[in-house]
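Enquirer: Please find one structure pasted underneath; my questions will follow.
There are 2 protein chains.
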Amino acid sequence: MGTLTEENYIKSIYSLSLATGEVFVSELAKKLEVKLPTVNSMIKKLATKKLVAYAPYQGIKLTEKGKREALGIIRKHRLAELFLVKVMGLGWEEVHEIAEQLEHVNSERFYNRMDELLNYPKADPHGEPIPDTHGKIPTEKRTPLSAHKEGKKVKVIAVSVDQKSFLDHLNAKGLQIGDTIMIVKRELFDGSVTILKSQKEIVLSHQVSENILVSGDEI
Amino acid sequence: MGTLTEENYIKSIYSLSLATGEVFVSELAKKLEVKLPTVNSMIKKLATKKLVAYAPYQGIKLTEKGKREALGIIRKHRLAELFLVKVMGLGWEEVHEIAEQLEHVNSERFYNRMDELLNYPKADPHGEPIPDTHGKIPTEKRTPLSAHKEGKKVKVIAVSVDQKSFLDHLNAKGLQIGDTIMIVKRELFDGSVTILKSQKEIVLSHQVSENILVSGDEI
DNA sequence: ATAATATGTTAGACTAATCTAATATTTTAA
DNA sequence: TTAAAATATTAGATTAGTCTAACATATTAT
Chain X
0 MGTLTEENYI KSIYSLSLAT GEVFVSELAK KLEVKLPTVN SMIKKLATKK
50 LVAYAPYQGI KLTEKGKREA LGIIRKHRLA ELFLVKVMGL GWEEVHEIAE
100 QLEHVNSERF YNRMDELLNY PKADPHGEPI PDTHGKIPTE KRTPLSAHKE
150 GKKVKVIAVS VDQKSFLDHL NAKGLQIGDT IMIVKRELFD GSVTILKSQK
200 EIVLSHQVSE NILVSGDEI
Chain Z
0 MGTLTEENYI KSIYSLSLAT GEVFVSELAK KLEVKLPTVN SMIKKLATKK
50 LVAYAPYQGI KLTEKGKREA LGIIRKHRLA ELFLVKVMGL GWEEVHEIAE
100 QLEHVNSERF YNRMDELLNY PKADPHGEPI PDTHGKIPTE KRTPLSAHKE
150 GKKVKVIAVS VDQKSFLDHL NAKGLQIGDT IMIVKRELFD GSVTILKSQK
200 EIVLSHQVSE NILVSGDEI
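Chains as they are written, first to last, in numbering that gives the first Met the number 0: chain X, 0 to 218; chain Z, 0 to 218.
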């Protein structure tokens, strides 16, 4: 375990690398809301600690050690989110901020007990997979709702964004993880989609449908 | 809320002031395991923030604002401890370290929900009182077991030390918060006491009996 | 009342994490 | 192929929290 700051760098490198493959110093600076030179010197430090491999203009890569660390933090974050929802009864739209703090708590006992109480869950309240103690992640095929054709029946597996405003929006529309929905219509004009969930029609903007991940890879 | 470091200073000043009345820079340095000049400069900072009042050779005092802050942290620590024991099923001897981290989590929602789930408890697993949201502390008369006479019947209300080794010792002896015990004999030689708990005799060293707090002020 | 002890302060340095300003290198596109 | 855009680096400063070494002041005990 490094400092809180180090942990946040590692975590961000991990998630950016999933999203974009390569992680440039500049990207990371944007994500962490710090300036370029700050990231530059931090990366050097992480490199001496063998947590990342870095070559200018070719991006930052987590080493195996770095990945292990990242997955450990992500495990804690996601377990905490699920715990807050299932055990403490908080809403999925309000747990991210708290988990952001809890993920830095250093106690195997605390997190393994959570895992046990939750019966070794596979996904957090937003549908994101929870790595196990060995850093293994259960994978499931998932694609954005926006990529599926009219007439298809799919299951909502996850959301790709944690923002309260987005989750409040889904709450208001009555859409949840696990829902089975049918794609009724997609507007050519703005890409908005109309879906059917248990007899009720729901209209979602294109932007929203891009951030809802559903079952299946066939598009 | 200040930094984590500031919070730890405030908390230590509070607990030292309960124990000894006056809090000297040197005492605080010992407690926090840092050197004198470190505390000296930190105290100056806390003073400019109006969290403490300080005059050399007369000790450090928390202001009203500082007290409020201290009680807020203590509330979080104690709620966390009780939550870890009651909801998560951990042992009273292992929750202190975890609560030490959780007490710095910044989320009213998190802690008020804990409070609610625990049904607004009055004391933590070690018997220490839990301040309410307004910083009010339920008080109860308590004295060390070592101060009571042979023949007296008392109730174990709290322990004055959180150390795992001490609590492990009490676990081994089978002594818990809430137990009603009878003082059978006190040895003149070493101050050890024999007590009776539900037909069974238990022998405690003087040192142990000093750290067990029981009901009543009459000695 | 003076020496011993307890208590506190100043000066100067270090590490971690950040910044601004200036500069450098690589890639890309006209 | 050279100019523009993207990417990265260096130098030097700042703040928070810590340290050591040297010095200062107050309390106490004989």
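Virtual Cβ for every residue (Gly too), placed ideally from N, Cα, C.
As the structure is a computational prediction, the values presented were derived from the model and not from experiment.
1. Could you name the residues of the same chain whose beta carbon sits closer than 6 angstroms to that of Ala-79(X), not counting the 5 residues immediately before and after it, in chain order?
2. Quick one: list the residues of chain Z neighbouring Val-33(X), beta-carbon separation under 7 angstroms, in chain order.
3. With 9 angstroms set as the bound, which would you pick, yes or no: does the beta-carbon of Ile-97(X) sit closer than that to a beta-carbon of chain Z?
4. Quick check: the stretch 146-161 of chain X against the stretch 179-197 of chain X, are at least 3 beta-carbon pairs closer than 8 angstroms?
5. In this structure, how does DSSP classify Pro-55(X) when only helix, strand and coil are distinguished?
6. Are three or more beta carbon pairs between the stretch 82-96 of chain Z and the stretch 105-119 of chain X nearer than 8 angstroms?
7. Grab me the residues of Asn-7(X)'s own chain with a C-beta within less than 6 angstroms of its C-beta, minus the 5 sequence neighbours each way, in chain order.
8. Going along the stretch 67-89 of chain X in order, which residues come within less than 8 angstroms of chain Z, judged by CB to CB distance?
9. Quick one: any contact between the stretch 12-26 of chain Z and the stretch 49-63 of chain Z, if contact means 3 or more CB pairs under 8 angstroms?
10. Which residues in the same chain have their Cβ closer than 6 angstroms to the Cβ of Lys-75(X), if we skip the five residues on either side of it in sequence?
11. Could you give the residue range of the beta strand (DSSP E) that holds Thr-132(X)?
12. Once you ignore the five residues that flank Asp-123(Z) on each side, which residues in its own chain have a CB closer than 7 angstroms to its CB?
13. Of the residues Thr-4(Z), Ile-72(Z) and Ser-40(Z), which one's Cα is nearest the Cα of Asp-131(Z)?
14. Looking at the C-beta of Met-113(X), does it have a partner C-beta in chain Z at a distance below 9 angstroms?
15. Check the Cβ-Cβ distances between Gln-100(Z) and every residue of chain X, and say whether any is below 9 angstroms.
16. Run through the DSSP bridge pairs and tell me what Glu-200(X) is partnered with.
17. Please report the straight-line C-alpha distance between Lys-44(Z) and Val-38(Z), rounded to a whole angstrom.
18. Measure the CB-CB distance between Leu-166(Z) and Glu-92(Z) and report whether it falls below 9 angstroms.
19. Within the stretch 101-185 of chain X, note down every full alpha helix (DSSP H) run reaching 4 residues or more, in order along the chain.
20. With a threshold of 9 angstroms between beta carbons, is Leu-27(Z) in contact with chain X?
21. The beta strand (DSSP E) that contains His-50(Z), what's its start and end?
22. Enumerate in chain order the residues of its own chain whose CB-to-CB distance from Glu-127(Z) is below 8 angstroms, with the five nearest sequence positions on each side excluded.
23. Figure out for me which residue from Ser-197(X), Glu-68(X) and Thr-2(X) has the closest Cα to the Cα of Gly-134(X).
24. In the structure shown, what three-state DSSP assignment does Lys-255(Z) receive?
25. How would you write the range of the beta strand (DSSP E) that Val-213(X) sits in, first residue to last?
26. Determine, using beta carbons only, whether Ser-214(X) and Val-160(X) come nearer to each other than 9 angstroms.
27. Give the residues of chain X in contact with Asn-105(Z), contact being defined as C-beta atoms less than 8 angstroms apart.
28. Within 9 angstroms of any Cβ in chain Z, is that where the Cβ of Leu-116(X) sits?
29. Would you please verify whether the beta carbon of Phe-165(X) is less than 9 angstroms from any beta carbon of chain Z?
30. If you reduce the DSSP assignment to three classes, tell me which class Lys-10(X) lands in.
31. What whole-angstrom Cβ distance do His-205(X) and Ser-191(X) have, given they're in contact under 8 angstroms?
32. Does chain Z have any CB closer than 9 angstroms to the CB of Arg-5(X)?
33. In angstroms, rounded to a whole number, what distance separates the CA positions of His-125(X) and Asn-170(Z)?
34. Using the Cβ count rule (16 or more neighbours within 10 Å means buried), how would you classify Met-0(Z)?
Expert: For this structure:
1. Ala-98 and Leu-101
2. Chain Z residues near Val-33(X): none, gap ~18 angstroms exceeds 7 angstroms.
3. Flagged as an interface residue toward chain Z: Ile-97(X), by a C-beta distance shorter than 9 angstroms.
4. yes
5. Pro-55(X) falls in the coil class under three-state DSSP.
6. yes
7. none
8. Leu-83, Val-86, Met-87, Gly-88 and Leu-89
9. yes
10. Answer for Lys-75(X): Glu-102 and Tyr-110, listed in chain order.
11. Neither: Thr-132(X) is in no beta strand (DSSP E) and is coded neither H nor E.
12. Around Asp-123(Z): Arg-77, Glu-80, Leu-81 and Ile-129.
13. Ile-72(Z)
14. yes
15. yes
16. Leu-195(X)
17. 10 angstroms
18. Contact: yes.
19. Segments of the alpha helix (DSSP H) lying fully in the stretch 101-185 of chain X: 107-116 and 163-172.
20. no
21. Checking the sequence shown, residue 50(Z) turns out to be Leu, not His. No beta strand (DSSP E) contains Leu-50(Z), which DSSP labels as neither H nor E.
22. Arg-77 and Ala-157
23. Looking at the Cα atoms, Glu-68(X) is the closest of the given residues.
24. No answer is possible for residue 255(Z): it lies beyond the span of chain Z, which begins at 0 and ends at 218.
25. In the DSSP assignment, Val-213(X) falls within the beta strand (DSSP E) that extends over 211-214.
26. no
27. Gln-100
28. At least one chain Z Cβ lies under 9 angstroms of Leu-116(X).
29. no
30. It is helical.
31. 6 angstroms
32. First, the residue type needs correcting, since residue 5(X) is Glu and not Arg in the sequence shown. False, the Cβ-Cβ gap to chain Z never drops below 9 angstroms.
33. The straight-line gap from Cα to Cα measures roughly 41 angstroms.
34. Looking at its Cβ environment, which holds fewer than 16 other Cβ atoms inside 10 Å, Met-0(Z) is exposed.
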